[in-house]
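>
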Amino acid sequence: MIKNELFFLKEASEQEVENAYDALFKEMDSESIGYYILPESDMILKIEAFIDSYDFKAKGIKNIVVIGIGGSSLGTRAIDTLLSHTPQRNSRKLIFMENVDPVEIERNLKDLVYEESFFIMISKSGGTIETTSHVKYIIDRFDAPVDSERFRDHFAFITDEGSPLDAFGEKCDVPCFHIPQNVGGRFSVLSAVGLLPLTLLGYDTRALLAGAKVYKETFFAKQESALVQKAYYYARHSKDFPINVLFSYSSAFSAFNDWYVQLWGESLGKIDQTGASVGMTPVGIIGSIDQHSFLQLLIEGPKDKTVTMIKIKDFQKATAIPDVKLPQLEKTDFINTHTFNELINAQCDATMQSIKDQGINVDSIEIEKLDTYNVGYMIMYYEILTSLCGHFLGVNTYDQPGVELGKVILKEKFAK
Ligand code: PA5
Numbered sequence: 020m021i022k023n024e025l026f027f028l029k030e031a032s033e034q035e036v037e038n039a040y041d042a043l044f045k046e047m048d049s050e051s052i053g054y055y056i057l058p059e060s061d062m063i064l065k066i067e068a069f070i071d072s073y074d075f076k077a078k079g080i081k082n083i084v085v086i087g088i089g090g091s092s093l094g095t096r097a098i099d100t101l102l103s104h105t106p107q108r109n110s111r112k113l114i115f116m117e118n119v120d121p122v123e124i125e126r127n128l129k130d131l132v133y134e135e136s137f138f139i140m141i142s143k144s145g146g147t148i149e150t151t152s153h154v155k156y157i158i159d160r161f162d163a164p165v166d167s168e169r170f171r172d173h174f175a176f177i178t179d180e181g182s183p184l185d186a187f188g189e190k191c192d193v194p195c196f197h198i199p200q201n202v203g204g205r206f207s208v209l210s211a212v213g214l215l216p217l218t219l220l221g222y223d224t225r226a227l228l229a230g231a232k233v234y235k236e237t238f239f240a241k242q243e244s245a246l247v248q249k250a251y252y253y254a255r256h257s258k259d260f261p262i263n264v265l266f267s268y269s270s271a272f273s274a275f276n277d278w279y280v281q282l283w284g285e286s287l288g289k290i291d292q293t294g295a296s297v298g299m300t301p302v303g304i305i306g307s308i309d310q311h312s313f314l315q316l317l318i319e320g321p322k323d324k325t326v327t328m329i330k331i332k333d334f335q336k337a338t339a340i341p342d343v344k345l346p347q348l349e350k351t352d353f354i355n356t357h358t359f360n361e362l363i364n365a366q367c368d369a370t371m372q373s374i375k376d377q378g379i380n381v382d383s384i385e386i387e388k389l390d391t392y393n394v395g396y397m398i399m400y401y402e403i404l405t406s407l408c409g410h411f412l413g414v415n416t417y418d419q420p421g422v423e424l425g426k427v428i429l430k431e432k433f434a435k
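In terms of my numbering, the sequence shown is residues 20 to 435.
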């Protein structure tokens, strides 16, 4: 479970709260937006059946290579990074082929044994240039022509039904999982996009879905008015506080922060119904590390930010700072015998207090412990928060027209 506390005014009227619930309910009920019902989809059954029939263990698959970018990779990366310390995680290596950085590509593939690797090509549209370029390179480098068993046996595709990639999969007889048409890339982590790689890594993806389902149901039972108030406040004051900082107190959140940045950036940075450019710039930082960096800007810089502090109540690791006294450093001894868990959370609380004291609007999220259930819960929390912000900003949360222009220009460059 997660506990969310707002330390700023709840300004939305009962009617506005009600309207927001209704707007999201309408999106779900009309099936125009599909991420809400992913926790109930039967995709997990298809994935489990595929994993059983393929027999990854017997085939000696040690590497799972996810080839995809943006919404096709960030969610999986976020969940794996949050949970990689848990005993569920098996020893398979997870490799992401995202960026077309030639040095990174070489680093990823240098020691990769093709026979021990399973490649999951993920693209909702089916034709993203980074993703197709990676696949072409892998086919060539590992001598796995598309009509060979060597290719067919080591690849699966995840895409929209009817996309060019879907057609390619059919032609080459590669197993293909579909993303529902009404689920956008950045909202797709609970579809096959996340479920296939995460299940292959040993995670209890059923618990992930269960956590997401419970949060969704709690929300639609209208028991989450604090979330509605938070979104209302952010949207209403987005001109005064155009930056939202997610201050996450654990290194495990590094990729979650990236996922949140994409989710907010691509969903909320839009032109609204009146023709005005709106949005809130998402910034993800890590405590306690960024207390020694970004915090100064928060405290004394422009008061143009709202801040969410995330902490984990129980890290399930009782490592303590030993009662060791260092000559001349006696002033640090107050922490001796306390656990690192206590230290990081006390730092979170102290920093939050100092931010609050500056009159900055803060809310706190406390996660009981990092497990698949709670992570699923939190994923749905953030997705619904994004939809609510989009509703209050008056934008289309689910499209991304702004990224198209660069793609057209790129094509023109190569056509010359
Ligand atoms: O959220 C989105 O829609 C985007 O970030 C896409 O996921 C990203 O551009 C990759 O697109 P595709 O999955 O079609 O390859």
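Idealized CB from N, CA, C, for every residue including glycine.
1) Between which two residues does the alpha helix (DSSP H) containing Phe187 stretch?
2) Report all residues from its chain with a CB closer than 6 Å to the CB of Ile141; omit the five preceding and five following residues, and keep chain order.
3) Using the Cα positions of Asn38 and Ser244, report the straight-line distance between them to the nearest angstrom.
4) Using DSSP with H/G/I as helix, E/B as strand and the rest coil, what is Gly303?
5) State the Cα-Cα distance for the pair Arg169 and Val193, rounded to the nearest angstrom.
6) Just to confirm, does Ser91 get its C-beta within under 7 Å of one of the non-hydrogen atoms of the ligand PA5?
7) Looking at the strands, I want to know which residues DSSP matches up with His197.
8) Using the Cα positions of Leu227 and Lys432, report the straight-line distance between them to the nearest angstrom.
9) Have a look at Asn263 and Asp159 and give me their C-alpha separation to the nearest angstrom.
10) Hey, how far is the Cα of Ser103 from the Cα of Thr358?
11) What span of residues does the beta strand (DSSP E) with Met140 cover, start to end?
12) For the ligand PA5, is there a heavy atom less than 7 Å away from the beta-carbon of Ser406?
13) Would you mind listing the alpha helix (DSSP H) stretches within the segment 213-299 that are 4+ residues and don't spill past its ends, in chain order?
14) Does the beta-carbon distance from Leu78 to Glu385 come in below 8 Å?
15) Helix, strand or coil for Ser437? Go by DSSP, reduced to three states.
16) Quick test of your reading: Leu282 and Thr405, contact by CB under 8 Å. State the CB separation rounded to the nearest angstrom.
17) Assign Ile52 to one of three DSSP states: helix, strand, or coil.
18) Compute the Euclidean distance between the alpha carbons of Asn393 and Gly146, then round it to the nearest angstrom.
19) What did DSSP end up calling Asn393 once you bin it into helix, strand or coil?
20) Measuring alpha carbon to alpha carbon, tell me which of Lys249, Ser51, Asp352 ends up nearest Val381.
21) Counting pairs of beta carbons, one from the segment 298-315 and one from the segment 257-274, are three or more of them closer than 8 Å?
22) Going by beta carbon distance, what residues of the same chain come within less than 8 Å of Ala229, once the five residues before and after it are set aside?
23) Compare the Cα-Cα distances from Leu219 to each of Ala175, Phe187, Thr237, Glu236 and report the closest residue.
24) The ligand PA5 heavy atoms versus the CB of Gln419: any closer than 7 Å?
25) Which whole-angstrom value describes the C-beta separation of Leu287 and Cys408, a residue pair presumed to lie in contact below a C-beta threshold of 8 Å?
26) By how many angstroms is the C-alpha of Asp342 removed from the C-alpha of Asp179?
27) Quick check: the Cα distance between His410 and Glu402, rounded to an integer number of angstroms?
28) Quick check on the burial criterion: 16 or more other C-beta atoms within 10 angstroms. Buried or exposed for Glu117?
29) Please list the terminal residues of the continuous alpha helix (DSSP H) segment that includes Ile423.
30) State the CB to CB distance for the pair Tyr156 and Ile124, rounded to an integer number of angstroms; the pair is presumed to be in contact (CB under 8 Å).
31) With respect to the alpha helix (DSSP H) encompassing Val122, which residues constitute its N-terminal and C-terminal limits?
32) Are there 16 or more other CB atoms within 10 angstroms of the CB of His311, so buried, or fewer, so exposed?
33) Under the three-state reduction of DSSP, which class applies to Lys112: helix, strand or coil?
34) What's the call for Phe260, buried or exposed, on a 16-neighbour Cβ count within 10 Å?
35) Taking 8 Å as the cut-off, decide whether the C-beta atoms of Phe137 and Ile80 are in contact.
36) Is any heavy atom in the ligand PA5 found nearer than 7 Å to the beta carbon of Glu402?
Taking the definition as stated:
1) 183-191
2) Gly87, Ser91, Ile177, Val212
3) 11 Å
4) strand
5) 11 Å
6) yes
7) Thr178
8) 43 Å
9) 44 Å
10) 21 Å
11) 136-141
12) no
13) 224-239, 244-255, 273-287
14) For clarity, residue 78 is Lys in the given sequence; the question names Leu instead. Not a contact, by the Cβ cut-off of 8 Å.
15) Beyond the ends of the chain as shown, which are 20 and 435, falls residue 437; an answer cannot be given.
16) 5 Å
17) coil
18) 34 Å
19) helix
20) Lys249
21) yes
22) Pro58, Tyr392, Gly395
23) Ala175
24) yes
25) 6 Å
26) 58 Å
27) 12 Å
28) buried
29) The sequence as given places Glu at residue 423; Ile does not occur at that position. 423-434 is the span of the alpha helix (DSSP H), which, as asked, contains Glu423.
30) 7 Å
31) 121-128
32) exposed
33) strand
34) buried
35) yes
36) no
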